[in-house]
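Step one of this worksheet: look at the structure below.
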Amino acid sequence: MTTGGDRRAEVAAGLARVRERVEAGCAAAGRSSSEVCLVVVTKTHPASDIAILADLGVRDVGENRDQEAVRKHDECVEAGLTAVRWHFIGRLQTNKARSVARYADVVHSVDRERLVTALATASHEAGRRLECLVQVSLDGDVSRGGCRLEDLEALAGAVLSAPSLALRGVMAVAPLDVDPYAAFAVLPDLRERLLRLDPDAGLVSAGMSGDLEAALACGATHLRVGSAVLGARPPLG
Ligand SMILES: *Cc1c(COP(=O)(O)O)cnc(C)c1O
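Letter by letter, the sequence shown follows residues 1335 to 1571 of this note's numbering.
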């Protein structure tokens, strides 16, 4: 893997800007940035960027496509980069569960019972315990991923009943064309609902490059930030 000096400087600058935004957002919300995990979304960017990020102290990376994630995960392992935690954040087909269970540490996009069943079987077979966040749809348009708010407990219960899965919290994406502060305002309530089921289910994954301040104001513990750190993504092929 190459870690060209120019790219390293670019990534370091992006990361520094985002870390400043996180500090400011936490200060504005009266929170400590030590309770916030920055997951850098590396989709479409090469494994060499992950090596740079790891060198800059990033411990958590996010990917949204299984094929791409497998390839980069294997490249990183081959390069001796094993200290990184892999977050799967994209829509997940049940037939990809077996693959994802082999490399992912956390799946943020658990949004239907069939997927819970597939992940439970896959992680059991892989001899791993997969951390799961239940993804909710904040505008009820489940075609874009996420379950209906009223299905949160049912899905969380399905995760809790699988020994190879660990319920860790809730995940949401702000709907398009909606004030993210208004959209994310429901997050503390969703968190409380999960904490009633399991005291370890208090994580809140919300906030991307454009709305991380709103997410921090509404209690996000995990930000998923791509372009603000790594620059614009090349168009999907
Ligand atoms: C791509 C992606 C992100 C990161 O988006 P940016 O706007 O680049 O920060 C966050 N969450 C999910 C689910 C994504 O697919």
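The beta carbon of each residue, even a glycine, is placed where N, CA and C say it ideally should be.
Contact between the segment 1402-1411 and the segment 1349-1368 is absent, with fewer than three C-beta pairs closer than 8 angstroms. In summary, A1549 is buried, with 16 or more beta-carbon neighbours lying within 10 Å of its beta-carbon over all protein chains present. For the options C1466, A1488 and P1380, the alpha carbon positioned closest to that of V1434 is the one of C1466. The segment 1515-1548 is shown to contain whole beta strand (DSSP E) runs of 3 or more residues at 1537-1539, in chain order.
If you draw a 10 Å sphere on the C-beta of D1394, you find 16 or more other C-beta atoms in it, and that means buried. Not one heavy atom of ligand 1 lies closer than 7 angstroms to the C-beta of N1429. Sequence-distant partners of L1524 (beyond 5 residues in either direction) whose C-beta falls short of 6 angstroms from its own C-beta, in its chain, are V1504. With 16 or more neighbouring CB atoms inside 10 Å of its own CB, A1554 falls in the buried class. For C1360, the three-state secondary structure derived from DSSP is helix. Restricting attention to T1428, D1532 and P1522, the CA atom closest to the CA of E1487 is found in D1532.
In the structure shown, G1491 falls within a helical segment according to DSSP collapsed to helix, strand and coil.
In terms of side-chain proximity, the C-beta atom of I1384 is found no nearer than 7 angstroms to any non-hydrogen atom of ligand 1.
A buried status is given to P1514, since no fewer than 16 other beta-carbon atoms sit within 10 Å of its beta-carbon. Between L1564 and H1379, the C-beta gap is smaller than 8 angstroms, which places the two residues in contact. Rounded to the nearest whole angstrom, the C-alpha separation of R1527 and V1374 is 27 angstroms. A Cβ-Cβ contact shorter than 8 angstroms links A1417 with A1388. In terms of CA proximity to A1460, L1499 leads the group A1490, L1499 and H1442. In the DSSP assignment, C1410 falls outside any beta strand (DSSP E) and lies within the alpha helix (DSSP H) extending over D1400 to E1412. Around the Cβ of L1489, a 10 Å sphere holds 16 or more other Cβ atoms; the residue is buried. Taking a 10 Å sphere around the C-beta of V1512, we find fewer than 16 other C-beta atoms and assign the residue as exposed. In this structure, the C-beta of R1558 approaches ligand 1 to less than 7 angstroms from one of its heavy atoms.
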